[in-house]
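Shown next, in structure tokens, is the structure this report addresses.
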Amino acid sequence: MSAAVESTGPDARTVLGRVRAHLSPGLALVYGMNGAGAVESCGDGARIVLSDGRSALDFGSYAVTLLGRGHPEVLRAVRGELESMPVSTRVLANGTTAGFAAELVAYTDPGRLTRVWLGLNGSDAVEAALKLARLATGRTRVVAVEGAYHGKSLGALAATWNRRYRQSLEPLLGGVVHIPADPGAVPGAFAEEDVAAVIVEPVQGEGGVRALPSAFLAALTAAARAHGAYVIADEIQTGLRRCGERALSVAAGLRPDAVLFGKALGGGVQPLSAVVATEELYGPLATDPFVHTTTFSGHPLAAAAGSAALRAVEELAPRGERLSGLMAEGLRRIAHRHTGLVTEVRGQGLLWGVEFGPHGAAGDVLLELSRRGLVVSPCLGQPEVIRLLPPLVATDEEVEEALDLLDATCAAVPDEFRSAARNASDDGSAPRDRLPEDGALTGPAGGPGTGAEGPATARHTASGASVPGPCRVR
């Protein structure tokens, strides 16, 4: 990994032993491999520090750390709420939560999506949206897309495509059908007038960072409207400028009846998700607010973090455009330098997938990247793909460092992997670049933006400037 840092981290053997004994032996094995025996200790901005003092860039964390770690405005908001009203009575209105709901409406699609339900994670949001659709229509069928990931709670899992998580728990929530992302497959899904909703990710994250074709999305949403079904846009991973736009589905004119946010919504500090819906879809909750409740829904600490996160994301949006361009250019260069190993690069904004041809190569690359100082995320539905999710607060130098680490790691992959990939190729063609084009939904696709430059520092302000922190790089 990169430079040593000042850190007095936890004892890794103790931590991993407790994970093994009380959480999961499998998790202990994965954590131990990912950290080369070390565990996470602290983090600032785009960097984390391990228990053995090594520093790494975090371009993973499953899209949660869009604002990096310890964003000062988010921390300030949470501390302020912590000192005044750290938990709601749940029988009286809370100003912080109500204010955040109003801000989220103004942020997403004001005038159309005017109602908000708040949860703690993406599965919460999916469950709430599916329940609302069934209640509002009196129907039970849901149309989802092959390759989709919508969570692992029982209702959300029914809409998730990966059989690995489904088969041992079936039957799940009934009436969910998955169709390929092909306009020709849409009419058959609506053959009977029983569809309550369609649920779709504009870009499938766990499904391999695949942008769904705009023609398919247009056909799917048009069919839903024609047959009285609601359109639920799962932007839990793609929203909040991760892919350039506040919400890809809204920017593309799909007019969803609900947009789901999560992951980065809590600013990398609090667990938080949201359903932002139309009056019509939200009707059952407006009529009976107790039809779907959880104890910590709308928690004031999470709401404070969410308000600060929305503001910080907008301040850093120009920076995201610039980083997107750097990532696109660098990944294209790496793909062409490592033909036979890298078969495709695709993505937009700050969500990128690198696909490897040889079986098992992606896992080896992921582990080696972690050892060298770059944390990335796997794709649970496409194990041959790794995801790179740089934060908005990363500097140009940190992005170039990450790209250099990926380049060097690809160069170190054993020759037998490359030979296997070449032999498996039909025509020996160069790897494909799947940058935003060909009708895919796009936000700002990259290319130089404005955005403040900043020194490669461990801690940041909303504008990218350095301030002292507990994880100082030496």
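Going from the sequence shown to my numbering is simple: count from 1 and add 528. In this text, a Cβ means the ideal position worked out from N, Cα and C, and glycines have one as well. Remember, it's a predicted structure, so these values are computed and weren't measured experimentally.
*asked:* Are the CB atoms of S777 and G650 within a distance shorter than 8 Å?
replied: For this step, residue 650 is matched to residue 122 along the sequence shown. For this step, residue 777 is matched to residue 249 along the sequence shown. No, the Cβ-Cβ distance between G650 and S777 is not below 8 Å.
Notebook entry, point to check: To the nearest angstrom, how far is it from the Cα of K659 to the Cα of G811?
Noted result: On the sequence shown, residue 659 is found 131 positions in, with the first residue counted as 1. On the sequence shown, residue 811 is found 283 positions in, with the first residue counted as 1. Cα to Cα, the separation comes out at about 12 Å.
- Task: Would you verify that the beta carbon of E655 is, or is not, closer than 8 Å to some beta carbon of chain B?
- Result: Absent here is chain B; the protein component of the structure consists of one chain.
Notebook entry, point to check: In or out: E611 buried (at least 16 other Cβ within 10 Å) or exposed?
Noted result: As a first step, residue 611 is located in the sequence shown; it is residue number 83 there, counting from the start. Of the residues assessed, E611 falls on the exposed side of the cut-off, its CB having fewer than 16 other CB atoms within 10 angstroms.
So, using beta-carbon positions, are Y758 and A634 closer together than 8 Å?
For the purposes of this step, residue 758 is taken as residue 230 along the sequence shown, with counting starting at 1. For the purposes of this step, residue 634 is taken as residue 106 along the sequence shown, with counting starting at 1. Their beta carbons are not under 8 Å apart, which means Y758 does not touch A634 by this criterion.
Would you identify the three-state DSSP class for H864, choosing helix, strand or coil? Counting from 1 along the sequence shown, the entry for residue 864 is found at position 336. Three-state DSSP puts H864 in a helix.
Alpha carbons only, please: which of T821, A780, V841, T823 is nearest the one belonging to L793? Start at 1 with the first residue of the sequence shown, and residue 793 comes out as number 265. L793 has its Cα closest to that of V841, out of T821, A780, V841, T823.
What residues are listed by DSSP as bridge partners for Q695?
-> Against the sequence shown, residue 695 aligns to sequence position 167. Note: Q695 sits in no beta bridge, so no partner.
### Query
Run through DSSP, which three-state label would T871 get?
Here residue 871 refers to the residue found at position 343 of the sequence shown. Strand at T871.
_For D1004, count the other beta carbons within 10 Å of its own beta carbon; 16 or more makes it buried, fewer makes it exposed. Which is it?_
Past the boundaries of the shown model lies residue 1004; the chain is included only from 529 to 1002, so the question cannot be answered.
For the segment 593 to 658, which segments carrying the alpha helix (DSSP H) assignment without a break, of at least 4 residues, lie completely within its bounds, in sequence order?
-> Here the runs fully enclosed are 600 to 612, 623 to 636.
Pick helix, strand or coil for A802, following the three-state DSSP scheme.
For the purposes of this step, residue 802 is identified with residue 274 of the sequence shown, where counting begins at 1. Looking at A802 - three-state DSSP - the assignment turns out to be strand.
Exercise for review: Let me know if G702 comes out buried or exposed under the rule of 16 or more other beta-carbons within 10 Å of its beta-carbon.
Suggested key: Your numbering for residue 702 matches position 174 in the sequence shown. It counts as exposed.
For D762, write down the residues that DSSP places opposite it in a beta bridge.
-> To locate residue 762, count along the sequence shown from 1; it is residue 234. The partner list for D762 (beta bridge, DSSP) reads L788.
### Task
Answer with buried or exposed for A940, where buried requires no fewer than 16 other C-beta atoms within 10 angstroms of its C-beta.
Here residue 940 refers to the residue found at position 412 of the sequence shown. Burial call: exposed.
Proximity to E807 [Cα-Cα], best of W645, V543, G573, G888:
Here residue 807 is taken as the residue at index 279 of the sequence shown, counted from 1. Of the residues W645, V543, G573, G888, the one whose Cα lies closest to the Cα of E807 is W645.
Below 8 Å, can you find three or more Cβ-Cβ pairs linking the segment 745 to 763 to the segment 569 to 582?
Touching, no.
Can you look up P906 in the DSSP assignment and give me helix, strand or coil?
As a working note, residue 906 is residue 378 in the sequence shown. P906: strand per DSSP, three-state reduction.
Q. Between the Cα of G772 and the Cα atoms of E925, D586, L917, which residue gives the shortest distance?
A. For the purposes of this step, residue 772 is identified with residue 244 of the sequence shown, where counting begins at 1. The residue with the shortest Cα to Cα distance from G772 is L917.
- Task: Could you please give me the residues that DSSP links to V577 through a beta bridge?
- Result: Locating residue 577 in the sequence shown gives position 49, counting from the first residue. V577 pairs with C570, S583.
Taking the Cβ atom as the reference point for each residue, do L934 and L902 lie within a distance shorter than 8 Å? On the sequence shown, position 406 is the one that residue 934 refers to. On the sequence shown, position 374 is the one that residue 902 refers to. Cβ distance < 8 Å, so L934 and L902 count as in contact.
Could you check the C-alpha separation between L632 and A713 for me, to the nearest Å?
Reading the sequence shown from its first residue, position 104 is the one you call residue 632. Reading the sequence shown from its first residue, position 185 is the one you call residue 713. Put simply, the backbone Cα of L632 is about 34 Å away from that of A713.
Query raised in the report: With 16 other CB atoms within 10 Å as the buried threshold, where does N951 fall?
Result: Taking the first residue of the sequence shown as position 1, residue 951 is located at position 423. The predicted model places N951 with a pLDDT of 48, which falls under 50 and marks its position as unreliable; any figure quoted below should be read in that light. N951 sits exposed, since fewer than 16 C-beta atoms from the chains shown fall within 10 Å of its C-beta.
**Asked** Is W689 near G875, with beta carbons less than 8 Å apart?
**Response** Here residue 689 is taken as the residue at index 161 of the sequence shown, counted from 1. Here residue 875 is taken as the residue at index 347 of the sequence shown, counted from 1. Their beta carbons are not under 8 Å apart, which means W689 does not touch G875 by this criterion.
query = DSSP state of V778, grouped into three classes?
reply = The sequence position of residue 778 within the sequence shown is 250, counting from 1. In the structure shown, the three-state DSSP call for V778 is helix.
At a cut of 8 Å, does the segment 668 to 685 reach the segment 709 to 723 through at least three beta carbon pairs? Result yes; three or more Cβ-Cβ pairs closer than 8 Å.
**Item:** Those residues which DSSP pairs with W880 across a bridge
**Value:** Numbered from 1 along the sequence shown, position 352 holds the residue referred to as residue 880. DSSP output for W880 lists G875, L916 as bridge partner(s).
According to DSSP, simplified to helix, strand and coil, what is P708? In the sequence shown, counting from the first residue as 1, residue 708 sits at position 180. Three-state DSSP puts P708 in coil, outside helix and strand.
What does the alpha-carbon distance come out to for the pair G683 and V787? The residue you call residue 683 lines up with position 155 of the sequence shown. The residue you call residue 787 lines up with position 259 of the sequence shown. Approximately 17 Å, taken between the alpha carbons.
Cα-Cα separation between M613 and G666, rounded to whole angstroms: As a first step, residue 613 is located in the sequence shown; it is residue number 85 there, counting from the start. As a first step, residue 666 is located in the sequence shown; it is residue number 138 there, counting from the start. Computed Cα separation, rounded: 39 Å.
Just verifying my parser: in three-state terms, what is the DSSP assignment at V726? Stepping through the sequence shown from its first residue, residue 726 is reached at position 198. Note: V726 maps to strand in three-state DSSP.
Item to check | Beta-carbon proximity list for A830, same chain, < 6 Å, skipping 5 on both sides | outcome: By one-based count along the sequence shown, residue 830 stands at place 302. These residues qualify, in order along the chain: G794, Q798, L800.
Whole-Å CB distance - V873 paired with R860, under 8 Å assumed
Taking the sequence shown and counting its residues from 1, one reaches residue 873 at position 345. Taking the sequence shown and counting its residues from 1, one reaches residue 860 at position 332. Approximately 6 Å separates the beta-carbon atoms of V873 and R860; this is inside 8 Å, confirming the contact.
_Taking the straight line between their C-alpha atoms, what separation do you get for V619 and A656?_
Start at 1 with the first residue of the sequence shown, and residue 619 comes out as number 91. Start at 1 with the first residue of the sequence shown, and residue 656 comes out as number 128. Each residue's Cα considered, the two are about 21 Å apart.
Exercise. Can you name the residues that DSSP bridges to V731?
Worked result: The residue labelled residue 731 in the question sits at position 203 within the sequence shown. In the DSSP assignment, the residues bridged to V731 are A739.
Report task. Select from E601, V592, P600, A566 the residue whose C-alpha is nearest the C-alpha of A584. Result -> As a working note, residue 584 is residue 56 in the sequence shown. Cα-wise, what sits closest to A584 is A566.
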